[in-house]
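The sequence shown runs 113 to 343 under this note's numbering.
Here's the structure, in structure tokens; my notes come after.
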Amino acid sequence: MKRYLSFILLSFCFIFSTHAENKHGPTWGVHGMLLFGNSAGMYVSHLPMFHAPHDYQVVLQIRCLDQKLDAAIKARLEQKLVLWTMEPEQFEIARLAADSKSQLKQFKANIVLGHFEQGGKTEYKDVPIVVEKTLIFRQLSPEMRENKQAVYHQIGSGTQRFLLKEIDSRPDFDHLLAISVPAAVAMADVVVKKTGLQAVSDAEFLQVLQAKVDKRAAVKGTIYLDKADLE
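This is how it looks when you write it as structure tokens:
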């Protein structure tokens with residue numbers, strides 16, 4: 113009798129576990145992100161791939177739920193131009209779409225100095241993160257194609273801004289730069305010539321910015337440049 117009851121209990125647990133796993137949608141997973149920003153705002157950019165569930169380019173404006181921690185992390189981001197990443201808890205990335213019927217407003221994440229999958233150091237663990245706004249949300253096409261131009265989207269405002277490359281080819285590369293411009297300058301997307309998987313250098317980018325945006329524009333440096341996950 114005891115064996116029978118144990119069997120029934122184990123079967124119930126298995127069925128319940130399977131049901132719990134199946135209730136998640138196709139975009140469920142750990143969606144690693146770049147973390148960048150300054151005192152004016154903090155942002156994350158999903159590290160995309162060309163396969164599910166990571167085939168989305170997503171940029172969010174975020175903040176830490178804890179105000180003191182939020183200010184401290186923003187200060188560190190502004191202090192030095194180095195790579196920070198975020199390892200969030202598992203969730204449906206589709207819920208980050210602005211038109212999602214069940215928008216994800218908050219999640220927990222580890223904040224890592226360096227790359228969270230490449231030896232980075234976890235500086236803050238299980239931090240409650242608030243999603244303030246979805247800036248970019250687009251699903252990537254798996255088709256092989258090549259675009260002769262690279263479009264960089266402006267992130268942020270004020271004098272310290274960021275430029276993030278739109279993933280529009282396959283293979284492609286993920287590229288994030290920090291720039292500075294006069295606060296009053298209104299800057300739209302920046303378009304540069306693209307040659308295969310060769311990113312435009314900071315010096316070449318500076319020429320484009322000063323010619324098309326403002327002569328006082330400056331490139332502070334590249335925060336992230338990678339093509340390994342976008343083959």
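Using N, Cα and C, we set each Cβ at its ideal position, and we do this for glycine too.
Distance, Cα to Cα, residue i vs residue j?
i	j	result
Ser214	His136	13 Å
Glu199	Ala262	28 Å
Thr139	Lys260	30 Å
Met161	Phe285	10 Å
Gly153	Arg282	31 Å
Asp314	Lys327	15 Å
Asp238	Asp178	12 Å
Gly226	Ala296	33 Å
Val302	Lys180	35 Å
Val325	Met145	28 Å
Pro254	Asp280	10 Å
Glu316	Lys306	12 Å
Ala300	His265	7 Å
Leu172	His143	13 Å
Glu235	Leu159	20 Å
Can you have a look at residue i and say buried or exposed, based on whether 16 or more other CB atoms are within 10 angstroms of its CB?
i	result
His163	exposed
Lys245	exposed
Gly308	exposed
Please report the Cβ distance between residue i and residue j, rounded to the nearest whole angstrom; I am assuming they are in contact, meaning their Cβ atoms lie under 8 Å.
i	j	result
Ala311	Leu337	6 Å
Ile403	Cys176	As displayed, the chain neither begins before 113 nor continues past 343, which places residue 403 out of reach and without an answer.
Phe219	Glu201	6 Å
Leu193	Gly333	5 Å
Ala187	Ser157	Ala187 to Ser157, Cβ: 20 Å. No contact.
Step through the CB atoms of chain B and report whether any lies within less than 9 Å of the CB of residue i.
i	result
Leu321	In the displayed structure, chain B is absent; only one protein chain is listed.
Runs of beta strand (DSSP E) wholly within the region 164-227 (minimum 3 residues, chain order): 168-176, 196-200 and 218-225
Does the structure place the region 317-329 close enough to the region 290-306 that three or more beta carbon pairs sit under 8 Å? yes
For the structure I just gave you, are there three or more beta carbon pairs, one from the region 240-253 and one from the region 159-176, closer than 8 Å? yes
Flag this pair as touching only if the region 198-209 and the region 267-276 have three or more C-beta atom pairs under 8 Å; answer yes or no. no
Jot down the residue ranges of each uninterrupted beta strand (DSSP E) in the region 220-268, minimum 3 residues, whole runs only, in chain order. 233-251 and 261-267
Beta strand (DSSP E) runs contained entirely in the region 278-328, provided each spans 3 or more residues: 286-292 and 302-305
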